[in-house]
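Trainee: The opening position of the sequence shown corresponds to residue 906 in the working numbering, with each subsequent residue numbered one higher. One structure follows; several queries about it will come next.
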Amino acid sequence: MASTGDPPCVICGIRLYPQTFRHGVGPHHWEPDRWKQQVIALSGPTWSRFDKGPRTLILSDKDVTRCFTRTSFGSKEMHLEPSDERVTLQEPVHLTWDQICSVHERYKKRTYLGIHSACEGIANKVMRTPRPGKAGIRSLGDLWMTLERRSQKSNWEHNPKSWTTTISREQCIYERTPRLSAEQWWNSDPLHIPNLTASFLSNLQPYKPTSLSHQLRYFEKLPPNIKQHIMFLVFQQELPFRCTYVMPQHYWKEVFFRIPFSWDLDRDLIDKTSSFDMDWEKLTRQIMCPAETTLERRWGEGEAKPWNYQDCGLTVPPGLTNRRRIWQIVEEMYPDDIEMKHWEE
């Protein structure tokens, strides 16, 4: 998503933009593009493909530091705040012998990676979400070991500006096509989404009883603890798109409020303006639709169509589409998921 000449966020792939200050706009004033200018520099150990790899993929959070930083157009240099120290992204920094001894010779070099503050916020929420078997990262150390491995140079040296390792085409979204250029949801703020609750309510439809409705009484007869456990299990695996209508809608409404990436819903507004007689199951399943990769979506020969919530029958703010994509990216991470190979192995 980002030009190879500009620093990308190593989580979402969108460029890390320099800060711009407009006349009359304070530092706390929200603007749609402000999120791309709020950048975090992560620093931690690094192992190039020419060195021995890490002894273990378990890294303490203490080995990773973070600070706010400023970027500039067309440059990998960053200015750390508040020290104003200048560092270069994804360039190894050799430690002194005393520093190597202090970390028990576990690593000899460190590097810096840039991420959006918004992407860090989403990553933190993913790591705190209790979804056994889903999120492969549970700490800052896990996140670093994933991003550092992904950002290593591969053995393909034909493009000296390419910063990241070879990634399978299934994970890519191609930017420079006429049809993709018209869809800019990936530039939308994934944290602060205006009118999110109202957009969900506008997509809510009346519930229409089906031939399976008689099964609802069986669910109602279950003990309360079993019902709660069933609702807990809904998000422990990928939720199919097709509705079953075997659980009453008022339980689905409760499940709806538990959607892990919809933390900023206005529950009071929803309770005031909706009822249990609406199709909460369908809305929940639509929102939980996973983002699809480009090779799963084709118009025609060689063209890739970006995934969008409209494909699931929803009309929602573009920021939610971006949030869903970033959430899924982080949720599918795990340390060294690219299985980096080193020359000395």
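For glycine and all other residues, C-beta sits at the position ideal for the given N, C-alpha and C.
Return the CA-CA distance between Asn1108 and Glu1159, expressed in angstroms with no decimal places.
Mentor: Locating residue 1108 in the sequence shown gives position 203, where the first residue counts as 1. Locating residue 1159 in the sequence shown gives position 254, where the first residue counts as 1. Their Cα atoms are separated by approximately 17 Å.
Trainee: Exposed or buried, which one is Gln1110 when buried takes at least 16 other CB atoms within 10 Å?
Mentor: By 1-based counting over the sequence shown, the position of residue 1110 is 205. With fewer than 16 Cβ atoms within 10 Å of its Cβ, Gln1110 is classed as exposed.
Trainee: Using the Cβ count rule (16 or more neighbours within 10 Å means buried), how would you classify Val998?
Mentor: In the sequence shown, counting from the first residue as 1, residue 998 sits at position 93. The residue in question, Val998, is exposed, as its Cβ has fewer than 16 Cβ neighbours within 10 Å.
Trainee: Which partner residues does Lys1014 have in the DSSP bridge list?
Mentor: Looking up residue 1014 in the sequence shown gives position 109. Lys1014 pairs with His999.
Trainee: Ignore the nearest five residues each way along the sequence and tell me which others in Arg1015's own chain have a CB closer than 8 Å to its CB.
Mentor: Working through the sequence shown from its first residue, we reach residue 1015 at position 110. Correct list, in chain order: Ser948, Gly949, Pro950, Thr951, Pro997, Val998, Leu1000.
Trainee: Could you compute how far the alpha carbon of Arg954 sits from the alpha carbon of Glu1025?
Mentor: Position 49 of the sequence shown, counted from the start, is the residue given in the question as residue 954. Position 120 of the sequence shown, counted from the start, is the residue given in the question as residue 1025. Whole-angstrom Cα-Cα distance: 26 Å.
Trainee: Could you tell me how far apart the beta carbons of His1021 and Trp940 are, in whole angstroms, since I believe they sit closer than 8 Å?
Mentor: As a working note, residue 1021 is residue 116 in the sequence shown. As a working note, residue 940 is residue 35 in the sequence shown. Correct: roughly 6 Å between the Cβ atoms.
Trainee: Return the CA-CA distance between Ser1007 and Met1050, expressed in angstroms with no decimal places.
Mentor: Position 102 of the sequence shown, counting from 1, holds the residue named residue 1007. Position 145 of the sequence shown, counting from 1, holds the residue named residue 1050. Going from the Cα of Ser1007 to the Cα of Met1050 covers about 20 Å.
Trainee: Going by DSSP, which residues form a beta bridge with Leu985?
Mentor: Walking along the sequence shown from the start, residue 985 turns up at place 80. Bridge partners of Leu985: Thr974.
Trainee: Once the 5 residues before and after His1155 are set aside, which same chain residues still bring their CB inside 6 Å of it?
Mentor: Taking the first residue of the sequence shown as position 1, residue 1155 is located at position 250. So the qualifying residues of the chain are Phe1181.
Trainee: Quick check on this structure: which residue in Thr1115, Leu1101, Leu1138, Val1151 has the alpha carbon closest to the alpha carbon of Tyr1123?
Mentor: Taking the sequence shown and counting its residues from 1, one reaches residue 1123 at position 218. Nearest option by C-alpha distance: Val1151.
Trainee: Mapping the DSSP letters down to three states, classify Val1008 as helix, strand or coil.
Mentor: As a working mapping, residue 1008 is identified with position 103 in the sequence shown. Coil.
Trainee: Please state whether DSSP places Pro1223 in a helix, a strand or coil.
Mentor: Locating residue 1223 in the sequence shown gives position 318, counting from the first residue. Reduced to three states, the DSSP call for Pro1223 is helix.
Trainee: Does the segment 1168-1188 come close enough to the segment 1132-1144 to have 3 or more Cβ pairs within less than 8 Å?
Mentor: Too few Cβ pairs lie closer than 8 Å, so no.
Trainee: How about Ser1022: is its Cβ closer than 8 Å to a heavy atom in the ligand NAP?
Mentor: In terms of ligand content, the structure shown is empty, and the ligand NAP therefore cannot be addressed.
Trainee: Looking at the unbroken beta strand (DSSP E) that takes in Arg991, where does it start and where does it end?
Mentor: The residue given as residue 991 occupies position 86 in the sequence shown. 991-993 is the span of the beta strand (DSSP E), which, as asked, contains Arg991.
Trainee: Using the Cα positions of Glu1143 and Pro1195, report the straight-line distance between them to the nearest angstrom.
Mentor: In the sequence shown, residue 1143 corresponds to position 238, counting from 1. In the sequence shown, residue 1195 corresponds to position 290, counting from 1. Computed Cα separation, rounded: 8 Å.
Trainee: Name the two residues that bound the continuous alpha helix (DSSP H) containing Val1160.
Mentor: Numbered from 1 along the sequence shown, position 255 holds the residue referred to as residue 1160. Note, Val1160: alpha helix (DSSP H), 1154-1161.
Trainee: Quick check on the DSSP output: the beta strand (DSSP E) that includes Ala946 runs from which residue to which?
Mentor: Position 41 of the sequence shown, counting from 1, holds the residue named residue 946. Counting along the chain, the beta strand (DSSP E) containing Ala946 begins and ends at 944-950.
Trainee: In this structure, does DSSP put Arg960 in helix, strand or coil?
Mentor: As a working note, residue 960 is residue 55 in the sequence shown. DSSP places Arg960 in coil when its eight states are reduced to three.
Trainee: Is the separation between the beta-carbon of Pro1099 and that of Pro923 shorter than 9 Å?
Mentor: On the sequence shown, residue 1099 is found 194 positions in, with the first residue counted as 1. On the sequence shown, residue 923 is found 18 positions in, with the first residue counted as 1. No, the pair does not count as a contact, with Cβ atoms beyond the cut-off.
Trainee: Closer than 7 Å by C-beta to Gln1233: which residues in its own chain qualify, once you throw out the five before and the five after it? Chain order, please.
Mentor: The residue labelled residue 1233 in the question sits at position 328 within the sequence shown. For Gln1233, where only same-chain residues beyond five positions count, the Cβ hits under 7 Å are Pro1195, Ala1196.
Trainee: Determine the DSSP secondary structure at His882, reduced to helix, strand or coil.
Mentor: Given a span of 906 to 1250 for the chain in the structure shown, any question on residue 882 remains unanswerable.
Trainee: List the endpoints of the continuous alpha helix (DSSP H) containing Gln1089.
Mentor: Within the sequence shown, the letter at position 184 stands for residue 1089. Counting along the chain, Gln1089 falls outside any alpha helix (DSSP H), and DSSP gives it neither H nor E.
Trainee: Specify the secondary structure class of Gly900 as computed by DSSP and reduced to three states.
Mentor: In the structure as shown, the chain starts at 906 and stops at 1250, and residue 900 therefore has no counterpart that could be examined.
Trainee: Relative to the C-alpha of Leu1225, which residue among Lys1246, Met1193, Met1238 is closest?
Mentor: Here residue 1225 refers to the residue found at position 320 of the sequence shown. Checked all of Lys1246, Met1193, Met1238; the closest Cα to Leu1225 is Met1193.
Trainee: Can you grab the Cα-Cα spacing for the pair Ile1164 / Pro1035, in whole Å?
Mentor: Indexing the sequence shown from 1 puts residue 1164 at position 259. Indexing the sequence shown from 1 puts residue 1035 at position 130. Computed Cα separation, rounded: 12 Å.
Trainee: Alpha carbon to alpha carbon, how far is Gln1120 from Thr970? Give it in angstroms, no decimals.
Mentor: Position 65 of the sequence shown holds residue 970. Position 215 of the sequence shown holds residue 1120. Distance between the alpha carbons of Thr970 and Gln1120 is about 54 Å.
Trainee: Less than 9 Å separating the beta-carbons of Phe1162 and Cys1217?
Mentor: The count along the sequence shown starts at 1 and reaches residue 1162 at position 257. The count along the sequence shown starts at 1 and reaches residue 1217 at position 312. Against a cut-off of 9 Å, the Cβ pair of Cys1217 and Phe1162 comes out as no contact.
Trainee: Go ahead and pull the three-state DSSP assignment for Ile1231.
Mentor: Here residue 1231 refers to the residue found at position 326 when the sequence shown is read from its first residue. Residue state, collapsed to three classes: helix.
Trainee: Quick one: what's Gly1019 bridged to in DSSP?
Mentor: The residue given as residue 1019 occupies position 114 in the sequence shown. Bridge partners of Gly1019: Ala946.
Trainee: Our contact map puts Leu985 next to Thr974 with C-beta atoms below 8 Å; I'd like the distance itself, whole angstroms only.
Mentor: Counted from its first residue, the sequence shown places residue 985 at position 80. Counted from its first residue, the sequence shown places residue 974 at position 69. Leu985 to Thr974, Cβ: 5 Å. Contact.
Trainee: How close, in whole Å, do the beta carbons of Phe1166 and Arg1228 come, if the pair is a contact with beta carbons under 8 Å?
Mentor: Taking the sequence shown and counting its residues from 1, the one referred to as residue 1166 is at position 261. Taking the sequence shown and counting its residues from 1, the one referred to as residue 1228 is at position 323. Sure, about 6 Å apart at Cβ, within 8 Å.
Trainee: In this structure, how does DSSP classify Met1238 when only helix, strand and coil are distinguished?
Mentor: Position 333 of the sequence shown, counted from the first residue, corresponds to residue 1238. Three-state result, Met1238: coil.
Trainee: Less than 9 Å between the beta carbons of Gly1046 and Ile945, yes or no?
Mentor: Taking the first residue of the sequence shown as 1, we reach residue 1046 at position 141. Taking the first residue of the sequence shown as 1, we reach residue 945 at position 40. In this structure, Ile945 does not lie closer than 9 Å to Gly1046 by Cβ.
Trainee: Find the nearest neighbour of Pro912 within the set Tyr1017, Asp989, Gly958, Leu1101, judged by alpha-carbon distance.
Mentor: As a first step, residue 912 is located in the sequence shown; it is residue number 7 there, counting from the start. For the residues Tyr1017, Asp989, Gly958, Leu1101, the minimum Cα distance to Pro912 belongs to Tyr1017.
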